[in-house]
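Undergrad: I'd like to ask you about the structure that follows.
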Amino acid sequence: NAGVTQTPKFRILKIGQSMTLQCTQDMNHNYMYWYRQDPGMGLKLIYYSVGAGITDKGEVPNGYNVSRSTTEDFPLRLELAAPSQTSVYFCASSELTSSYNEQFFGPGTRLTVL
Amino acid sequence: QKEVEQNSGPLSVPEGAIASLNCTYSDRGSQSFFWYRQYSGKSPELIMSIYSNGDKEDGRFTAQLNKASQYVSLLIRDSQPSDSATYLCAVNTGFQKLVFGTGTRLLVSP
Numbered sequence: 015n016a017g018v019t020q021t022p023k024f025r026i027l028k029i030g031q032s033m034t035l036q037c038t039q040d041m042n043h044n045y046m047y048w049y050r051q052d053p054g055m056g057l058k059l060i061y062y063s064v065g066a067g068i069t070d071k072g073e074v075p076n077g078y079n080v081s082r083s084t085t086e087d088f089p090l091r092l093e094l095a096a097p098s099q100t101s102v103y104f105c106a107s108s109e110l111t112s113s114y115n116e117q118f119f120g121p122g123t124r125l126t127v128l
Numbered sequence: 045q046k047e048v049e050q051n052s053g054p055l056s057v058p059e060g061a062i063a064s065l066n067c068t069y070s071d072r073g074s075q076s077f078f079w080y081r082q083y084s085g086k087s088p089e090l091i092m093s094i095y096s097n098g099d100k101e102d103g104r105f106t107a108q109l110n111k112a113s114q115y116v117s118l119l120i121r122d123s124q125p126s127d128s129a130t131y132l133c134a135v136n137t138g139f140q141k142l143v144f145g146t147g148t149r150l151l152v153s154p
């Protein structure tokens, strides 16, 4: 199993450009998440999905969009990139059992907006 | 606002010592608790999970949970330089979402 994979690893965008961060998991997990992590800070939830076709906002959704057409894929779309979106983006997945929620993370995408 | 608080550190310990990392949380309804290790420039890696009051041991790691005091801790015995990393506490506050602390940076000196 590759686990959670993310592409690209690094990207530099100009202000106003758009891009899609890709996330794929091969563990057949129902739950998937997008986080951003700013330097010296914890992880902030952007969007999450509890299954194909179902998504919901997290703590910091403004400026982002997501879709979930398959169990495996959960892309994150940035429209009109702004310097405030410079961050490291992590995708995670989990399989909920009872009240547990052990999340497994991808390697991250380091995004710089100039 | 559901919060998870950690001392940012750095916590400096000599090799072979016990490192003690602490975390408090605000939501009394929290059900499960996790410790992630994050090396610089890498993604978080799950190292411990705990769901019931008391201690849970796994190798050199022990997680401790006290729901009455809303307190979670991680003990690392026989600390090694390779344990130097940032340790993130995460709390499942329901609705399949985790709230993360800002992390404690641990430095283990040879």
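First to last, the protein sequences are chains V and H. Heads up: the first sequence is residues 15 to 128, going by the numbering used here. Heads up: the second sequence is residues 45 to 154, going by the numbering used here. Built from N, CA and C at the ideal position, the CB exists for glycine as well. Predicted model only: the values in this text are computed from it and were never measured.
1. From what residue to what residue does the beta strand (DSSP E) around Lys-58(V) run?
2. Taking one C-beta from the segment 80-95 of chain V and one from the segment 46-58 of chain H each time, how about it: are there three or more such pairs within less than 8 angstroms?
3. How is Pro-58(H) classed by DSSP in three states: helix, strand or coil?
4. Leaving aside the five residues before and after Gly-72(V) along the sequence, list all residues of the same chain whose C-beta is less than 7 angstroms from its C-beta, in chain order.
5. Could you check which residue in Trp-48(V), Thr-69(V), Met-41(V) has the C-alpha nearest to that of Thr-8(V)?
6. For Gly-98(H), which beta-bridge partners are listed by DSSP?
7. Rounded to a whole number of angstroms, what is the C-alpha to C-alpha distance between Gly-7(V) and Leu-90(V)?
8. Taking the C-alpha atoms as reference points, what is the distance between Phe-119(V) and Pro-88(H)?
9. Starting from Asp-87(V), trace the beta strand (DSSP E) in both directions and tell me its first and last residue.
10. Using a threshold of 8 angstroms, state whether the C-beta atoms of Asn-79(V) and Asn-136(H) are closer than that.
11. Of all Cβ atoms in chain H, is any one closer than 8 angstroms to the Cβ of Phe-118(V)?
12. Can you list, in chain order, the residues of its chain whose CB lies under 6 angstroms from that of Ser-117(H), leaving out five sequence neighbours each side?
13. From Val-143(H), Pro-154(H), Asp-127(H), Lys-100(H), pick the residue whose C-alpha is nearest to that of Ser-84(H); which is it?
14. Please list, in chain order, the chain H residues whose beta carbon lies closer than 8 angstroms to that of Tyr-62(V).
15. With 7 angstroms as the limit, tell me which residues of the segment 123-136 of chain H have their beta carbon closer than that to any beta carbon of chain V; keep them in chain order.
16. Run down chain H in chain order and give the residues with a C-beta less than 8 angstroms from the C-beta of Phe-104(V).
17. Excluding sequence positions up to five away, which residues of its chain have a Cβ less than 7 angstroms from the Cβ of Gln-19(V)?
18. Can you tell me the Cα-Cα spacing of Gln-36(V) and Val-102(V), whole angstroms?
TA: Based on what the coordinates show:
1. If you number the first sequence from 1, residue 58(V) lands on position 44. That run of the beta strand (DSSP E) goes 57-65.
2. no
3. Residue numbering aside, residue 58(H) sits at position 14 when the second sequence is read from its first letter. Three-state result, Pro-58(H): strand.
4. Indexing the first sequence from 1 puts residue 72(V) at position 58. The answer, listed in chain order, is Leu-59, Ile-60, Tyr-61, Tyr-62.
5. Since the first residue of chain V shown is 15 and the last is 128, residue 8(V) is not available in this structure.
6. As a first step, residue 98(H) is located in the second sequence; it is residue number 54 there, counting from the start. The partner list for Gly-98(H) (beta bridge, DSSP) reads Leu-109(H).
7. A query on residue 7(V) cannot be resolved here, the shown segment of chain V reaching from 15 to 128 and no further.
8. Within the first sequence, the letter at position 105 stands for residue 119(V). Within the second sequence, the letter at position 44 stands for residue 88(H). If you take the alpha carbons of Phe-119(V) and Pro-88(H), they lie about 6 angstroms apart.
9. Position 73 of the first sequence holds residue 87(V). From DSSP, Asp-87(V) is part of no beta strand (DSSP E); its letter is neither H nor E.
10. Start at 1 with the first residue of the first sequence, and residue 79(V) comes out as number 65. Start at 1 with the first residue of the second sequence, and residue 136(H) comes out as number 92. No, the Cβ-Cβ distance between Asn-79(V) and Asn-136(H) is not below 8 angstroms.
11. Counting from 1 along the first sequence, the entry for residue 118(V) is found at position 104. It does; some Cβ of chain H falls within 8 angstroms.
12. Reading the second sequence from its first residue, position 73 is the one you call residue 117(H). So the list reads Asn-66, Gln-108, once near-sequence residues are dropped.
13. Position 40 of the second sequence, counting from 1, holds the residue named residue 84(H). The residue with the shortest Cα to Cα distance from Ser-84(H) is Asp-127(H).
14. Working through the first sequence from its first residue, we reach residue 62(V) at position 48. Here the neighbours are Gln-140, Lys-141.
15. Leu-132, Asn-136
16. Translated into positions along the first sequence, residue 104(V) becomes position 90. By Cβ distance, chain H contributes Ser-87, Pro-88.
17. The count along the first sequence starts at 1 and reaches residue 19(V) at position 5. It should be noted that the sequence gives Thr, not Gln, for residue 19(V). Once the five neighbours on either side are set aside, the close Cβ partners of Thr-19(V) are Thr-38, Gly-120.
18. Reading the first sequence from its first residue, position 22 is the one you call residue 36(V). Reading the first sequence from its first residue, position 88 is the one you call residue 102(V). Approximately 13 angstroms between the Cα atoms of the pair.
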